[in-house]
Structures are given as structure tokens and as C-alpha cells.
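One structure below.
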């Protein structure tokens, strides 16, 4: 653990399984470090294991193997009430028989905080969430957004080192959600020492709020990095398609670029072996209309199969030799016609090459540092574990491409 | 409303009254009528009188009514405690163990109550478990018979209770006992009062097991009703039955007032 900080969270090879003989694995060898004061989003589709991961921190789920550490302390065997965490869930779970102030005071009373101190801390928590004027109301008299604020106040009143947010905004409507998102960001600025683990299936929430995002799918960690890294340089096809939308093209590495459907495209290919198959990821908003002006050959010709007007943009679906390319173009003066032949282009630096084997059912085994070095598909043996200084050394399964990165970003 | 057309709705209402009135309402009305009568040979009772009620207020019957209420209160409280405890425990047990517990608690309901009465009589007639001839054996018999209902209704309420309440409370640092006392039981209160009401009502009307075991100085009212009708005093029996009914209803009403205050949603 070394210089393990006061209230970081560490998952160490955590596996959770249900059913007879643990037949149904819902979290598989999950390892992740959340630095103190960091906002880590666990992003993934439903059933990906993200909520289970959060519940192992809360203590509601006991792992079949692995350890969970909070502030460097192994809490795997501790009951929830001895972990000192605040938690906010999707349906708020405010105690309906208590008034707002009593709800917020609950944790303090349960922990036998001196009576004289409780009133002040309740007021402080309610003030922070803008709910001070509602202290005397019952939860049923509040709107969804207000209930959520009280739930956050209740969690913050105990001054937790770790705050767990389980899809906290998914029960709110879109407008309220973006307001609460800004609110959560403000709260975190005011309480920079609180480590936040934020479970969501909404990429916008994750991109907006998180210092880092861990992407989960099918019970495994697939990728982890800053929002910018995951968006601009996704390391797996799954990340590319789940964080933002993406065109994923099957390509073969050749020379200074790749070959796609019989044509040569110029993209950075550093670290990927000649002749290897890979996936080329191009974000729809980075696709432009017309021939490539640079003469790099990055022009894709095809027939328009669908046109969607989205206010500020036009989304075109273009069939290029049987592959569907999506282009988000700034609103066009003349709406293109279905069936029309058009040319699209992209800049070489906007193409991200994802080596074969990392996408699909590949598993992320790397750390969270900078732009991880991309290894190629060779088998790589190593030991799994935490090296000195928090460096994560990953072990690769044979035939899978390796990723390795060190350190972690902490802002 | 599933029935939309006016005619169909009327037909359904008519059917309801056709079934409800003769099966549920008329017998009760007949009892009330008979309790004020000295004879009933025609279509309606005749010789209206309050003698039967005056007799109740004076004699053993009042004592029996008090006996019944005390027994039902004791059995209801005991059943609620045992049933709630068991339901809370069953929730934390594995599915198999909790099914076993379900079956165990249902057993007294499945077995004829006469058999329950007889078995208690046999079991508690020897030292060191000599309860035969005491009020205790009646209360135990009633508790055994009604606990199943308390257990079932609390189990159902627990299944409906969102586990997030308990988990959030635990996350906030509340120990299990504190969570139970401050969160779970208050949230279960409406179901608990319903359960105790049901247990009370069932105990007030219990006859067959009671007949096997009641000691002479602890004779609940249903036994009196039975004895009165058995010796041919039908109208006295009817008055006793009305008193039993009215007392039970009064207590249930009081309980339902607590329920209304206890339901937050």
C-alpha cells in the first residue's frame, strides 16, 4: 500500500458470484484504485457489474475472493456500519416516517454524535445542498430533485471519507439531471477531500463529473482513464462505442497506414505490427464532407442511406463498400438526398487504431496512466499485483494484446 | 373499473348483493334480531326485550367477555412478537431454511384446532410443564393458532420493504438493532397493526381448541355462546354473540386508527 492515502478506495482482484457453487459471476477479478479526493465513475451497461462493485465497497455484497480497501484499511470483512461511507441511491431511500432534518440527522444519531453538535451539522449539510428551508417537511412533500438533495445531505452529514453514488440522477428528468450534475460538481469542489465513486450507465454524467472513468462490461473492467483519454484515444472497441459514438472499421495495418476495404488510409500506427488486423475508430463529429484536402488518401466515398436533422447538426449514414459510416456534420444548407453519392474525409490524427484482441471480449488489464503504451498481440507473461509506488503490473492472457500504463492521474 | 357499460356494471352490482346479502349480511342481522327477542316463530322475531343484555352485564358472561379480551390481547401480543421475530429472522436465512420456517409456522393452521388443543392438553398435563387448569394454557393455545397469521403478514410486508432503507441506514453507520428499531419497525408499523388486529379477532372467536383446554375459572365468551345454545337458550346465545362481535369490532377500529396514523405512504 505504501503511501496509501486516508480515504482512497482500492479493489484488489475482487470477484463476486451468486448462485449455487457461485455459477453466476457478476464481478470478475476487478482491480482498481481510486485516489483520495478523486471522482471515479464506474460506467457500463446494465449487468456489467458496476453496481456490484460499488456494493462491495458499501459492504452489502461480500466478494468470493479479493479484497476491498478504504483508506488503506482492509474492509472486506467489515459490516457496512463500520465502514464510514456515505451512500446515495437511485430511489433516494429517504426514511418516509422522518422529517428532512431527522433524515439528515440519522447517521449522526446512529453514531452517537453529541446532541449539541448534531443540529449544527444537520444545518450545515442542508445549507450545502440548498435544502435548509425544507428541514421541517416530510420526504413525501418534496419533489424528486429535492429528495435527491436531502439524500445527498444525509450522506454528507456524517462527513464520510468516501461517498458512493449509485445512479443518483437516473430517476430525474433530463433538465433536472443536468442541474444536479452541476450541483454535484460544485459540492465536490467544496469538499475536495471526499472520494467519490459514481456508478452510472450515462456517459454524459461520467464525462462531465469524473476525474477518471472505469469502463465495465460483462463483469470485467475493460478500460480506465481520464474522460479525455477514453474519448480521444479509446483503447478498446467497447470503450470507443460506449463512451461517445464511434465508427469502428475493420482494417489491416500496412506501411504508414491501414488498408480498409481495398483502399489505403493514413493513420498513426505506432506499436502495431505490419499486417496485423485492427479496428479503426473515427468519431462521427470528426468526419468532414468532401474530398480530403491534404491528399493523404483519407477519403471515403459512399451512398447516403439515412439523413437525420438534429438541429445544430445533420447526421448522415453512408454506406461505404458495405460498411456503415456515421458522420455528424454541422447543419448543412441543403439537406443531402437519400441515395446520393458523396465523399467524406477525416484527418489522419483523428483516426485511432485499436489493435485486435483488446476490443470485443478483451479485458482491460492495464493501469490508468497517461496514454498507455500499446503492445501488440503477443502473449506476455507477468505477475499480477501492485508494485511499489502504486504501479500496476498486468498479466496478459495468451493471444491478447497488452496494455501497460503506470501511475494514475489525480487532479 | 374493468366493466365499462352501465348495464354490465348494474348486473355485477346485483350479483354482488345477491351473493353478499344472504351469505354474509343476513345471518348477522338474524343474530342481532334474535338477541332482542323472546320468541321467533313468524317471519320476524317477537317480544322485544333487553333482558339478555341485562343478564350479560350482570352475570358470568361479563367475566367471560373480559376473559376473552384478555386472552386475545395476550395471544395477539405474543403472536405478533413471535411472528415478527421469526419473519425478521427468516429474511436473513437461506431460502431453504426460511421455507422450512414457513412450513413450521403454517403447521398449527393446517392441523385441526381440536388436535392442537388436545396435544397441548396432553403436553402440559405433566410436571414440570404443568399448565393444565391455568389461563396460561388457553393463551398458549391461542398464540400457537394465530402466530401463523402474524408471521405471514409480516413476511409479506418485509418482502415489500425496499432493502435500500436498511442499507442506507447501515451505510450511515447504524448498527442492526438501531436500524431495526428506528427504520424497519416504524416502516412495518402499518403491517404490524394489521397483523395484531387479525390475531386479536381470530383469538376472540376461537372455540374448538379452547373447548379442549379451558379451566373453569378462565372460560372465554365463545364457550359461553356454545354452552347457551347447546342448552337451548338461543336468544341468550345470540346476545352473547353480538357482545363478542361488538367488542371485537371496537378493538379492530381502535387498531385501524393507529394504522392510519402509522401509514406514511
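Protein chains in written order, with the numbering used here: chain H, 1 to 411; chain X, 1 to 265. C-beta atoms are modelled at their ideal positions from N, C-alpha and C, and glycine is treated no differently.
Query                                                                                                                                                                                  : Result
Quick one: what does DSSP say residue 38(X) is sitting in, helix, strand or coil?                                                                                                      : coil
Determine the DSSP secondary structure at residue 155(X), reduced to helix, strand or coil.                                                                                            : helix
So what does residue 308(H) bridge to, in DSSP terms?                                                                                                                                  : 315(H)
Give me, in chain order, the residues of the same chain whose beta-carbon lies closer than 8 Å to that of residue 166(X); leave out the 5 immediate sequence neighbours on both sides. : 179, 183 and 184
Mind listing which residues of the stretch 95 to 121 of chain H have their C-beta closer than 7 Å to chain X's C-betas, in chain order?                                                : 95, 96, 97, 106, 107, 110 and 111
Could you work out which residues of chain H lie near residue 214(X), taking near to mean beta carbons separated by less than 9 Å?                                                     : What residue 214(X) touches in chain H: nothing, since even the nearest Cβ is about 41 Å away.
Report the option in 314(H), 342(H) and 339(H) whose CA atom is closest to the CA atom of residue 429(H).                                                                              : With chain H running from 1 to 411 in the structure shown, residue 429(H) is simply not present.
Tell me the rounded alpha-carbon separation between residue 76(H) and residue 57(H).                                                                                                   : 8 Å
Is residue 63(H) near the ligand SAH, with its Cβ less than 7 Å from a heavy atom?                                                                                                     : Looking at this structure, you won't find the ligand SAH or any other ligand, since it has none at all.
For a test of the three-state rule: what should DSSP assign to residue 359(H), helix, strand or coil?                                                                                  : Unreliable positioning characterises residue 359(H) in this predicted model, as indicated by a pLDDT of 42, which lies under 50. A coordinate reading is not provided.
In terms of DSSP beta bridges, what is residue 247(H) paired with?                                                                                                                     : 282(H)
I'd like to know whether the C-beta of residue 89(H) is nearer than 8 Å to at least one C-beta of chain X.                                                                             : yes
Under 7 Å Cβ-Cβ, which residues of chain H neighbour residue 186(X)?                                                                                                                   : 97
Give the single residue among 255(H), 104(H) and 262(H) whose Cα lies nearest to the Cα of residue 271(H).                                                                             : 255(H)
How would you write the range of the beta strand (DSSP E) that residue 68(H) sits in, first residue to last?                                                                           : 65 to 70
Please classify residue 76(X) as buried or exposed, where buried requires at least 16 neighbouring CB atoms within 10 angstroms.                                                       : buried
In the structure shown, what three-state DSSP assignment does residue 389(H) receive?                                                                                                  : Any reading at residue 389(H) needs caution, since the residue's pLDDT is 34, under 50, leaving its predicted position unreliable; the model's value is listed next. Three-state result, residue 389(H): helix.
Let me know if residue 216(H) comes out buried or exposed under the rule of 16 or more other beta-carbons within 10 Å of its beta-carbon.                                              : buried
Which residues in the same chain as residue 49(H) place their Cβ atom closer than 6 Å to its Cβ, once the five residues preceding and following it in sequence are excluded?           : 26, 27, 216 and 219
So, residue 101(H) versus residue 122(H), is the Cβ gap smaller than 8 Å?                                                                                                              : yes
Given a cut-off of 8 Å, decide if residue 133(H) and residue 167(H) are closer than it, judged by their beta-carbon atoms.                                                             : no
Can at least three beta-carbon pairs, one atom from the stretch 61 to 77 of chain H and one from the stretch 141 to 152 of chain H, be found at a separation below 8 Å?                : no
Counting along the chain, where does the beta strand (DSSP E) carrying residue 81(H) start and finish?                                                                                 : Taken as a continuous stretch (DSSP letters only), residue 81(H) belongs to no beta strand (DSSP E), as it is neither H nor E.
Considering only their Cβ atoms, is the gap separating residue 189(X) from residue 61(X) smaller than 8 Å?                                                                             : no
I need the straight-line Cα distance from residue 336(H) to residue 310(H), nearest angstrom please.                                                                                   : 14 Å
Helix, strand or coil: which one does DSSP assign to residue 132(X)?                                                                                                                   : coil
Between the Cα of residue 329(H) and the Cα atoms of 285(H), 196(H) and 247(H), which residue gives the shortest distance?                                                             : 285(H)
If I follow the unbroken beta strand (DSSP E) through residue 235(H), where does it start and stop?                                                                                    : No beta strand (DSSP E) contains residue 235(H), which DSSP labels as neither H nor E.
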